[in-house]
Amino acid sequence: MDGMLAANPHNRPYSPCIGKREGLLFTDIRLHIASLRRERNPHVFRPDVMFDSCAYSAEVLPLLAQSKGLIQARYVSEEPLPDRRHLQFMPHLADAISRIGGGLAVLDVASETLLTADLFCQKLAESPNQEAEHGVRLAWVLVPTGGELRTCGLRKIGLPELRSDPIPDDERTALESVWDEVVSSMWNGDIRSTYEVERFGQRFRLDVGEQVRGESKVTSARVLGQ
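Take the sequence shown: its letter number 53 is residue 52 in numbering that gives the first Met the number 0, and every next letter is one higher.
What follows is the structure, given as structure tokens:
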């Protein structure tokens with residue numbers, strides 16, 4: 000608690016990272032912290048294998064080989080949350096645990112992003128107000144007919160992740176830009192079943208299907224004429 004409150008190195012003058020509002024989560028029963036050992040949970044030490052689109056650098060994988068255990072921190076609610084204070088609380092919790100325990104790497108499970116502990120701390124120092132950050136990453140997953148776009152992180156705010164139909168390689172750049180705008184709209188509370196976005200002089204339509212096992216299928220098409 001002290002590592003997140005008074006001793007938090009990311010505090011700014013008159014602007015603590017964790018105040019009373021976020022601090023209430025310390026006693027929230029939806030917060031769970033556990034210790035896992037490698038010998039009993041070897042699979043969780045290979046997020047590059049666990050996830051089909053994990054983002055990581057080459058320098059972080061050797062650190063995982065040195066790891067003997069990990070601390071798992073989760074905040075899970077079955078009901079919609081009234082605010083997003085958990086987006087601020089959880090990264091600072093992960094950083095405090097890492098600093099105190101001599102952590103080597105930090106894995107954001109929702110965004111499937113694995114960073115060295117030093118880089119995670121550096122990014123938190125650059126943007127200590129995590130609640131204001133856009134917390135979704137777009138991933139490109141290879142399939143036989145090209146690739147699929149998928150989101151990693153929408154579940155942080157209680158929304159299903161999105162996955163596209165197969166997309167030809169030559170349409171990837173255009174549709175990534177379209178998806179960026181749609182995901183930003185969703186993150187900011189604009190939730191619809193259909194979005195239309197103009198990019199590169201063309202209009203695109205994205206239809207978001209029903210949620211199935213935590214994901215919604217997205218179908219995209221160019222809109223011809225007005």
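A virtual CB, placed ideally from N, CA and C, is assigned to each residue, including glycine.
This one's a predicted model, so the numbers in the text were calculated from it and none came from an experiment.
{"Query": "Distance between residue 222 and residue 105 (C-alpha atoms, nearest Å)", "Result": "42 Å"}
{"Query": "Boundaries (first-last residue) of the alpha helix (DSSP H) holding residue 76", "Result": "From DSSP, residue 76 is part of no alpha helix (DSSP H); its letter is neither H nor E."}
{"Query": "Those residues which DSSP pairs with residue 14 across a bridge", "Result": "11"}
{"Query": "Identity of the residue in 38, 170, 85, 12 nearest residue 26 by Cα", "Result": "85"}
{"Query": "Supposed close pair residue 54, residue 136 - CB separation, criterion 8 Å", "Result": "7 Å"}
{"Query": "Pairwise C-alpha distance: residue 69 and residue 102", "Result": "8 Å"}
{"Query": "Those runs of the alpha helix (DSSP H) which lie wholly inside the stretch 168–208 and span at least 4 residues", "Result": "171–186"}
{"Query": "Start and end residues, beta strand (DSSP E) containing residue 104", "Result": "104–107"}
{"Query": "Beta-carbon proximity of residue 109 to residue 97, cut-off 9 Å", "Result": "no"}
{"Query": "Any alpha helix (DSSP H) of 4 or more consecutive residues that is wholly inside the stretch 33–66", "Result": "46–49, 60–65"}
{"Query": "Inter-stretch contact (C-beta, 8 Å, three-pair minimum) for the stretch 28–40 and the stretch 65–82", "Result": "yes"}
{"Query": "Cβ contact (3+ pairs, closer than 8 Å) linking the stretch 118–126 and the stretch 158–178", "Result": "no"}
{"Query": "Cβ neighbour criterion (16 or more within 10 Å) applied to residue 201", "Result": "exposed"}
{"Query": "Endpoints, the alpha helix (DSSP H) within which residue 97 is located", "Result": "84–100"}
{"Query": "Residue 45 versus residue 3 - alpha carbon distance", "Result": "28 Å"}
{"Query": "Residue 130 vs residue 140 beta-carbon contact at 9 Å", "Result": "no"}
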